[in-house]
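Numbering (the working numbering), first residue to last: 2 to 473.
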Ligand code: PEP
Ligand code: CO
């Protein structure tokens, strides 16, 4: 962690959207042309909000339910969203997948599901190394479309991309809003569950039963007229991204009026607060969560619900200190802890973290990210994740929460609605030799639509069994 002896503790000084600039900040970007950066940021600061306080506060209030065990949070999308994904097909397939997964989870958990896409702004990637070797040449790493391009000739950070990120976010969200309002999530339309790929007959029967049960429930609701209040026509889908590029986030942070019934997270006397209007939900990555760092400083001042990635290097005291800084009023629903230890470490790490947070009096949403601690390289150097490791970390998290009288409030996945071949295993039975068939991720390997849906079936099944066990 960067040393910051001469710098005041994050929580003691006055916060402004730019106070993060006084702190040591990781993953900073150096541009060749500072004037072009200033002009891009000036333009961003004038553009209208992409999301509104009313939506942000509505999400925070739903997350309060997740923190209290009354709802489940499903968050998913690409690792690195590209500007080129701003196109109808990839967006449609992601919306449909998140919808189907959420239906399965509602069926399994008996709770409403809150949907957040890692989309409409997930353009920035933290990198372990600033450079990489391509064809024997050392070049800057790809840091996401908001900063530079994947093409080796576009690796120099370009300030114009900051503005482009805004327009791609806004266009994606505009299309999502339009599609939802036009009935893409209308459950009167038959859903294609496509279970033909499940070769194991027993498994296929099990999944088929779930699908029948969901279809029966929907039919029943239609028959008795319980679907006339509009609930089956549309759903909420919120947006999120890692708040990594603080210049960008600062430019979209606006002092706006609180919606009617909202009791603000931060001190304010004029009925207004600072909202990050680039997305409904933002999270701090595992590489930028230093107590005295710029990212934590920025995040402590905004009204949005926020996430914090919690990896295996997080100490119990550090976790509580972080919560005290970003959520001094202990507002429930404000913070989601996104745990990502890896299947081997979750057993030793999660229990002590749960207990430390309990003792602190903070009530958080506990969300499991079973992806980022389970990335492996194949002998030929391809980054992948095993479906079994992903499900293993998830089921350990479910069990450990239960053992500690806590509960898992959600899951955070890297997924896509396309038929990619990036993670191995699952009932599609993808092997390492299949990875090159359709590996299109520019960063981490994602679950394809069949693997993602299968994970939802498995988690739903776990909840059902759990309820049956408790009944006995
Ligand atoms: C990510 O979510 O893509 C990511 C980089 O995660 P983490 O910060 O947990 O490594
Ligand atoms: Co990732």
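Backbone N, C-alpha and C define an ideal beta-carbon position, used for all residues, glycine too. In this text, all values refer to a predicted model and were calculated from it rather than measured experimentally.
Asked	Found
Nearest-angstrom Cβ-Cβ length linking residue 307 and residue 296, presumed shorter than 8 Å	Not really, about 10 Å apart at Cβ, beyond 8 Å.
Environment of residue 398 [buried if 16+ CB atoms lie within 10 Å]	buried
C-alpha gap between residue 220 and residue 465, whole angstroms	21 Å
Sequence-distant residues of its chain with Cβ nearer than 7 Å to residue 452 (five each side left out)	388, 424, 427, 429
Cβ neighbour criterion (16 or more within 10 Å) applied to residue 18	buried
Closest by C-alpha distance to residue 321, when choosing among 288, 303, 293, 361	361
Helix, strand or coil at residue 43 [DSSP, three-state]	helix
Straight-line gap, residue 141 to residue 32 (C-alpha atoms, nearest Å)	12 Å
Alpha carbon of residue 117 to alpha carbon of residue 345, nearest angstrom	27 Å
CB contact flag (residue 394, residue 21, <7 Å)	no
Inside the region 189-253 only - beta strand (DSSP E) runs reaching at least 3 residues	239-243
Pairwise C-alpha distance: residue 50 and residue 44	13 Å
Pair within 7 Å by beta-carbon distance, residue 353 and residue 54	no
C-beta atoms of residue 366 and residue 64 nearer than 7 Å	yes
Start and end residues, beta strand (DSSP E) containing residue 284	282-285
Inside the region 289-314 only - alpha helix (DSSP H) runs reaching at least 4 residues	295-300
Residue closest to residue 36, alpha-carbon to alpha-carbon, out of 160, 249, 305, 194	160
Cβ-heavy atom distance, residue 290 to the ligand PEP, below 6 Å	no
Environment of residue 95 [buried if 16+ CB atoms lie within 10 Å]	buried
Straight-line Cα distance separating residue 166 from residue 153	20 Å
Residue 317 versus residue 357: straight-line alpha-carbon distance, rounded	6 Å
Residue 271: CB within 6 Å of a non-hydrogen atom of the ligand CO	no
Check: residue 80 C-beta below 6 Å from any heavy atom of the ligand CO	yes
Bridge partners - residue 275, DSSP secondary structure assignment	256
Length of the line joining the Cα atoms of residue 454 and residue 414	11 Å
Reference residue 157; option with closest CA among 323, 34, 194	34
Residue environment, residue 347, which counts as buried when at least 16 other CB atoms sit within 10 Å	buried
Counted within 10 angstroms of its Cβ, other Cβ atoms place residue 446 as buried (16 or more) or exposed	buried
Helix, strand or coil at residue 16 according to DSSP, with G and I counted as helix	coil
CB-CB length for residue 80 against residue 369, believed under 8 Å	Between residue 369 and residue 80 the Cβ distance is about 17 Å, and since that is not below 8 Å, they are no contact.
Terminal residues of the alpha helix (DSSP H) in which residue 56 lies	54-68
Assigned secondary structure, residue 466 (DSSP; H/G/I helix, E/B strand, else coil)	helix
Residue 73 (DSSP reduced to helix, strand or coil)	strand
Limits of the unbroken beta strand (DSSP E) element including residue 133	132-135
Classification of residue 254 by the beta-carbon crowding that lies within 10 angstroms, buried from 16 upward	buried
Proximity test, residue 445 beta-carbon vs the ligand CO heavy atom, cut-off 6 Å	yes
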